[in-house]
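> For reference, the structure I am asking about is given below.
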Amino acid sequence: MSKNCAVILAAGEGKRMKANKPKPMMEVLSRPMIDWVLDAAEASGVKDTILVVGAYGEQLVDHCGDRSAICWQRERLGTGHAVMMALDYLNASDADNVLILNGDAPFMDAATIAESLALHEANGNAVTVISARLDEPFGYGRIVQGADGSFERIVEQKDATDEEKAIRNVNSGAYWFRREDLISSLGKLTTDNAAGEYYLTDTIYILKQEGKNAGVFVTENADVVLGANDREQLQALNDIAARNFPEAVK
185 MSKNCAVILA AGEGKRMKAN KPKPMMEVLS RPMIDWVLDA AEASGVKDTI
235 LVVGAYGEQL VDHCGDRSAI CWQRERLGTG HAVMMALDYL NASDADNVLI
285 LNGDAPFMDA ATIAESLALH EANGNAVTVI SARLDEPFGY GRIVQGADGS
335 FERIVEQKDA TDEEKAIRNV NSGAYWFRRE DLISSLGKLT TDNAAGEYYL
385 TDTIYILKQE GKNAGVFVTE NADVVLGAND REQLQALNDI AARNFPEAVK
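Residues in the sequence shown are numbered from 185 upward in steps of one, following the numbering used here.
Quick look at the structure:
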């Protein structure tokens, strides 16, 4: 059995929440979203987790420090930069694969994590994008796939053609990487883009250009893509959770 670890991106400040806490500490059914994410990772068999924290990060250290290693993203220079902050841990790790998760996506589930890992390893992928199929994909990055189902590219809503907008498979923002491939591709990221940031998704194209496999796993659980940027969206997450997990309602 392979050994795996997870890097959980939890540096989001969540200014629109109007709360003096990091976004992953906002609650769904009276539990911080980060607890939902850690529970899913651990239940899937991923035991070693690395939490990347930033704004109000002390709260996450206090809450999660006994469950996860902690590293700091002092500057917000993109998702790729956030994962770079965990490089000391990744270089020292003996994990075969690294799971990237978002700390404010509470409905990522253990089955999706385990099933996507199985596909990732069976196909010998350097990277596997975890995708969900949505009836209403507006606003999400679309996953463009080849005829054989392999990953071709991610197209954001604003850049998509009409044909691409009809694609219902969207990017969840969660990925499996072979550890060594993740480390090597992070070292090749640049900020040569309009935002001047390091994009984690650029590592996928780097690996493809090196002739390595990039795959897509499409989960049956469409809720894995859901997050919250404001109080209204947070309430929507609570409403969904109350329907799906009535036993957890307090």
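Every residue, glycine too, gets a C-beta built ideally from N, C-alpha and C.
Please classify Thr385: does DSSP put it in a helix, a strand, or coil?
Thr385: coil per DSSP, three-state reduction.
> Please report the straight-line C-alpha distance between Thr374 and Ile388, rounded to a whole angstrom.
Approximately 13 Å between the Cα atoms of the pair.
> Could you name the residues that DSSP lists as bridge partners for Trp256?
Looking at the DSSP assignment, Trp256 forms a beta bridge with Val237.
> What residues match up with Trp360 in a beta bridge as DSSP calls it?
Looking at the DSSP assignment, Trp360 forms a beta bridge with Leu283, Thr312.
> Residues in its own chain within less than 6 Å of Ser228 by CB, not counting five upstream and five downstream?
Here the set comprises Ala294, Ile297, Ala298.
> I'd like the span of the alpha helix (DSSP H) that includes Gln417, first residue to last.
Its alpha helix (DSSP H) spans residues 415 to 428.
> Tell me where the alpha helix (DSSP H) around Thr296 begins and ends.
Residues 294 to 306.
> Buried or exposed: which applies to Gly238, given that a residue is buried once 16 or more other Cβ atoms fall within 10 Å of its Cβ?
Result: buried.
> Leaving aside the five residues before and after Met210 along the sequence, list all residues of the same chain whose C-beta is less than 8 Å from its C-beta, in chain order.
So the list reads Gly198, Met201, Ala203, Pro216, Met217, Asp288, Ala412, Leu418, once near-sequence residues are dropped.
> Please classify Phe429 as buried or exposed, where buried requires at least 16 other C-beta atoms within 10 Å of its C-beta.
Classification for Phe429: exposed.
> Kindly indicate which residue of Cys248, Cys189, Ala350 has the alpha-carbon position closest to the one of Val230.
The shortest C-alpha separation from Val230 is found at Cys189.
> Look at the Cβ atom of Leu318, then the Cβ atom of Arg363, and state whether they are nearer than 7 Å.
Not closer than 7 Å, so no.
> Report, in whole angstroms, the separation of the C-beta atoms of Leu261 and Glu340, which I expect to be a contact under 8 Å.
About 19 Å separates the two Cβ atoms, so there is no contact after all.
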